[in-house]
Amino acid sequence: MDKIVSLCKRRGFIFPCSEIYGGFANSYTYGPYGVELKRNIKDLWWKMFVSDREDMVGIDGPIILHPKVWEASGHTTNFNDAMVDCKKCKNRFRADHLVDEATGEDMEGKLDEMTAVFASGKISCPNCGKKDWTEVRSFNMMFETKMNTVSGEEANMAYLRPETAQAIFIEFKNVIDSTRVKLPFGIAQIGKAFRNEIVAGNFIFRLREFEQMEIEYFINPKMKWEKMFNDWLVFQEEFAYRLGAKKEDLRHYEHPDEKRAFYSKKTIDIEYNFPFGFKELFGLAHRSDYDLKRHAEFSGQKLEYLDQETNEKFIPHVLEPTFGLDRSILVALLAAYREEEVEGEVRTVMAFPKDIAPVQVAVFPLLKNKENLVAKAREVFGMLKKEFRVEFDDNGNIGKRYRRQDEIGTPYCVTIDFDTLEDNTVTIRDRDTMKQERVKISDLAEGLS
Ligand code: GAP
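Residue 12 is where the sequence shown starts when you use the working numbering, and the numbers rise one by one after that.
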């Protein structure tokens, strides 16, 4: 993980944010290559789950929604983590995590029992080693904000959305009234979500501000949903493979009855083998008609679907495949990282799948001070730019340029040399095999596809 974090900073993928002000915990900036990787992953997701499917449409809702949305969804009362403070060093921790580590018992949601464990002296503060704890309290994870505040007036409280899903449910009626969707169909959205995590960390794994890619897939309550649920799991895993994940690094965790929300018929986390253990990457939940029913109740609107064939009206049930974008990026980075020995030196390669690599082709003139080579290289760059994400690099010797592109994860490097000026051929060098091949410029685009 340390190697990934350092490569990300050195090569412009991800920077710790606000560094010039001494840093700001758990916030990161996607740098020039990181932002490309992020865009490519979003595009891949949108293509797989929206553009390539006939049963999906997309929306893009706001981050600040009507505050009643969060009452209806249950977030204002239930979106809580258990926290405990060390009275000596004043650090705050997730109580259930510390209890689990110390006793192996999962006491999520059981505040009194957890308080008793802390009082029994079994748990030392991970920061200062003392055992002087507050009682365990519930902490709402939604970020509050104030709207239209004029000094002296009472503020209108609003929240930064803690998930993108609710922005989809509240537009259900608009989508069915304005499009030709028929059950089963899904609405997708990619966007920011905010959670006041007590302990963020592990680089971009747990952030306070992150992006989700979510789908609410509406089905007829009478349909047999089990097969469709399994199909969604397969689609979600397929997406993980497209990021570069290996089969053996994925596993399922099915939420047992006592941990599952009362309205959910089934919930499965797809976990990835991160350097800090198997942890949730994506989730899939059967949410029944809970959300639409609650929004119907709180808004007073009918959120029903009319089946044109049977003339039946009903509230659909929902399958919710959810994906964390930042965790997807972390998986792509971890899965791509390789070190290998080449001629007594360590070569670091980010072997991204070609369609998500930030740069697909790098174009080099052999020498930067030979005008005719540079002009030809610019011509090739201009030609490839129409089809690929291309970078022009004339800095340093060719070996160094190859190493730099290996660390960025560029699948191909194209070198323009003196022979090019004679016979219009160039050298293509493959990132993974390091093999070099001579091809005609006219065949180049095909050779790189
Ligand atoms: N609408 C359902 C929902 O939000 P979730 O399991 O709380 O479910 C969905 O979140 C996904 O969002 C997770 O599988 C994870 O990939 C990502 N995620 C959740 N909390 C996160 C955080 N603090 N930082 C980064 N990603 C997070």
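Just so it is clear, CB atoms sit at the ideal spot from N, CA and C, and this is done for glycine as well.
Near ligand 1: residue i beta-carbon under 7 angstroms from a heavy atom
{"i": "aspartate 183", "result": "One point to set straight first is that residue 183 is phenylalanine, not aspartate, in the sequence displayed. For ligand 1, not one heavy atom lies less than 7 angstroms from the Cβ of phenylalanine 183."}
{"i": "phenylalanine 90", "result": "no"}
{"i": "aspartate 6", "result": "This structure cannot speak to residue 6, because the chain is shown only from 12 to 460."}
{"i": "glutamine 416", "result": "no"}
{"i": "leucine 432", "result": "no"}
{"i": "leucine 294", "result": "Note that residue 294 is glycine in the sequence shown, not leucine. At least one heavy atom of ligand 1 is nearer than 7 angstroms to the Cβ of glycine 294, so yes."}
{"i": "glutamine 223", "result": "yes"}
{"i": "phenylalanine 334", "result": "yes"}
{"i": "alanine 130", "result": "no"}
{"i": "leucine 48", "result": "no"}
{"i": "arginine 206", "result": "yes"}
{"i": "glutamate 248", "result": "no"}
{"i": "glutamate 265", "result": "no"}
{"i": "arginine 105", "result": "no"}
{"i": "phenylalanine 218", "result": "A small fix is needed here, since residue 218 is leucine in this sequence, not phenylalanine. Yes, the beta carbon of leucine 218 sits closer than 7 angstroms to at least one heavy atom of ligand 1."}
{"i": "glutamate 472", "result": "For the chain, the structure presents residues 12 to 460; residue 472 sits outside this window and is missing."}
Residue closest to residue i, alpha-carbon to alpha-carbon, out of the options
{"i": "tryptophan 236", "options": "Thr278, Ala256, Leu218, Arg206", "result": "Thr278"}
{"i": "aspartate 143", "options": "Ile134, Phe150, Asn151, Ser149", "result": "Ile134"}
{"i": "glutamate 225", "options": "Leu76, Glu331, Ala343", "result": "Glu331"}
{"i": "phenylalanine 214", "options": "Leu345, Leu455, Leu303, Val186", "result": "Leu345"}
{"i": "phenylalanine 154", "options": "Tyr32, Glu82, Phe229, Asn207", "result": "Asn207"}
{"i": "phenylalanine 293", "options": "Trp243, Val128, Gly120, Lys304", "result": "Trp243"}
{"i": "threonine 431", "options": "Arg440, Glu119, Val450", "result": "Val450"}
{"i": "asparagine 102", "options": "Ser275, Thr114, Val401, Gly140", "result": "Gly140"}
Local conformation of residue i per DSSP, three classes
{"i": "proline 43", "result": "helix"}
{"i": "tryptophan 236", "result": "coil"}
{"i": "arginine 305", "result": "helix"}
{"i": "phenylalanine 334", "result": "strand"}
{"i": "serine 299", "result": "strand"}
{"i": "glutamate 269", "result": "helix"}
{"i": "methionine 125", "result": "helix"}
{"i": "glycine 132", "result": "coil"}
{"i": "phenylalanine 399", "result": "coil"}
{"i": "methionine 59", "result": "helix"}
{"i": "leucine 378", "result": "coil"}
Residue interval of the beta strand (DSSP E) (run including residue i)
{"i": "lysine 451", "result": "447-451"}
{"i": "glycine 69", "result": "67-69"}
Residue range of the unbroken alpha helix (DSSP H) whose run includes residue i
{"i": "tyrosine 348", "result": "Unbroken run through tyrosine 348 is the beta strand (DSSP E), 348-353; no alpha helix (DSSP H)."}
{"i": "cysteine 424", "result": "Premise fails: cysteine 424 lies in the beta strand (DSSP E), 423-427, not in any alpha helix (DSSP H)."}
{"i": "asparagine 383", "result": "382-396"}
{"i": "asparagine 89", "result": "86-89"}
{"i": "serine 17", "result": "13-21"}
{"i": "asparagine 37", "result": "Run containing asparagine 37: none; DSSP gives neither H nor E here."}
{"i": "arginine 358", "result": "Not the alpha helix (DSSP H): arginine 358 falls in the beta strand (DSSP E), residues 356-361."}
{"i": "threonine 114", "result": "106-114"}
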